[in-house]
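Asks: I have a structure I would like to understand better, so I am pasting it below and will then ask my questions one at a time.
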Amino acid sequence: MQLKRYAGVVLTYILITGSFIGLASWTSLATTTVARMIPMERNHTIVIDAGHGGVDGGATSCTGILESKFNLDIALKLNDLMHLLGYQTRMIRTEDISVYTAGETIAAKKVSDLRQRAKMVNETENALLLSIHQNTFPDSRYSGPQVFYGPEGEGEALGKLLQKALNSALNPAGNRMSKKAEGVYLMQQIECTGVLIECGFLSNQAEEAELRSDVYQKKLCCVIAATVGNFLDGQTND
């Protein structure tokens, strides 16, 4: 009974995204997801990092909402979905807080926060990092999700796969490509496979409205979770 209940919840996510992703993609995704409801060993722990938080709100959207709120809302949904797919997860934060352990000034607390995030990732056995962020740019024309990958493990392969899936499902007119995360402290410090997902542009009015939407957030999480699951299943089968 519990298995059926979990399958139903996951399929609810997928049904929400059905018309958005397209029938062919939905059929494949639904089949894969239902198959994952069969109990099986999951070797990875998915570390989900809701970027910023607390003293560090990140960017501010065109309607005045802090990036940290978008990140947390999406990360919580992604955490639920990865659990439903059978993965152990670890969230860096589950509320609007920073995770610093030292520092008297805001700048020092931000530095401590980043170091603590890296520490939490690196102390997690068999970790795979999904860091959730939002983009912004002075020119409001720009839109679309973009994936940045770390230097360790299979980050580049996962980054390319995620970027392709996000483009296809959420930004079919776009041509964004995944990139190596140059100069991003967390991504440079982790010792495992990891990606940083800029979910969209808070400076683009239309995309910001979508990113505020509960339905769109679920669509986004469904694409991320299914792609990560397929990637890890492929590693297992190699």
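Heads up: the sequence shown runs through residues 0 to 237, numbered per numbering that gives the first Met the number 0.
Here a beta-carbon is modelled for each residue, glycine too, at the ideal position from N, C-alpha and C.
1) Quick check on residue 70: does DSSP put it in helix, strand or coil?
2) Where do the ends of the beta strand (DSSP E) carrying residue 110 lie?
3) Answer yes or no: do residue 54 and residue 193 have a C-beta to C-beta separation smaller than 9 angstroms?
4) For residue 158, which residues of its own chain have a beta-carbon under 6 angstroms away from its beta-carbon, when the five flanking residues on both sides are left out?
5) Less than 8 angstroms between the CB atoms is what I'm expecting for residue 73 and residue 131, so what's the real figure, rounded?
6) How far does the alpha helix (DSSP H) with residue 129 in it reach, from first residue to last?
7) So, with DSSP's three-state summary, where would you put residue 44?
8) Going by DSSP, what residues sit across from residue 49 in a beta bridge?
9) Ordered along the chain, which non-local residues of its own chain (more than five positions away) have a Cβ less than 6 angstroms from that of residue 60?
10) Work out the CA separation of residue 218 and residue 226 for me, nearest whole Å.
11) Looking only at DSSP bridge pairs, what is residue 148 linked to?
12) Could you please give me the residues that DSSP links to residue 65 through a beta bridge?
Replies: The relevant details are as follows:
1) Three-state DSSP puts residue 70 in a helix.
2) In the DSSP assignment, residue 110 falls outside any beta strand (DSSP E) and within the unbroken alpha helix (DSSP H) covering 105-121.
3) Taking 9 angstroms as the Cβ cut-off, residue 54 and residue 193 do not qualify as a contacting pair.
4) Within the same chain, and ignoring the five residues on either side of residue 158 in sequence, the residues whose Cβ sits closer than 6 angstroms to its Cβ are 146, 148, 177, 194.
5) Indeed, because the Cβ distance is near 5 angstroms, the residues count as touching under 8 angstroms.
6) First-last for residue 129: 126-134, but that is the beta strand (DSSP E), not the alpha helix (DSSP H).
7) Residue 44: strand per DSSP, three-state reduction.
8) Beta-bridge partners assigned by DSSP to residue 49: 131.
9) Once the five neighbours on either side are set aside, the close Cβ partners of residue 60 are 201, 207.
10) If you take the alpha carbons of residue 226 and residue 218, they lie about 12 angstroms apart.
11) Looking at the DSSP output, residue 148 bridges to 179, 194.
12) Under DSSP, residue 65 takes part in a beta bridge, and its partners are 59.
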